[in-house]
Amino acid sequence: MAIGFDLSPLIHLRGQARSRWMEALRHNLDLVRKFHLRPAITAGAASHLELRSPRELMALAGVAGFEADEAWEALRLPGRLLELNRRRWAGPGVEVL
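In terms of the working numbering, the sequence shown is residues 318 to 414.
Given below as structure tokens:
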């Protein structure tokens, strides 16, 4: 199970709305850490103009409260999940032929 964190509000929100959003994000991040869940970081891009590089997402994740290694793993998780689906992986030790 993975919990997704969309970092686009960090760019688009301003003032008190951003502050409330960051408070909620940090609370959710604390819960992810407490229950040993896997976080996934996304850019929430609606168009190709809103895409962010991995380096930019790492910087935004640091501002949002992620540790560097935590942010790196959260960036890699969606790609690994897609790779599992591409291989038609059903579960540990099970593969659909």
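The C-beta atom is built at its ideal place from N, Cα and C for all residues, glycine as well.
| query | result |
| --- | --- |
| Identify every residue that forms a DSSP beta bridge with Ala319. | Arg355 |
| Figure out for me which residue from Pro326, Leu398, Asp347, Met318 has the closest Cα to the Cα of Gly382. | Asp347 |
| Once the 5 residues before and after Asp323 are set aside, which same chain residues still bring their CB inside 7 Å of it? | Thr359, Gly361 |
| On the three-state DSSP scale, how would you describe Gly382? | coil |
| Would you kindly check if the distance between the Cβ of Ala357 and the Cβ of Leu398 is under 9 Å? | yes |
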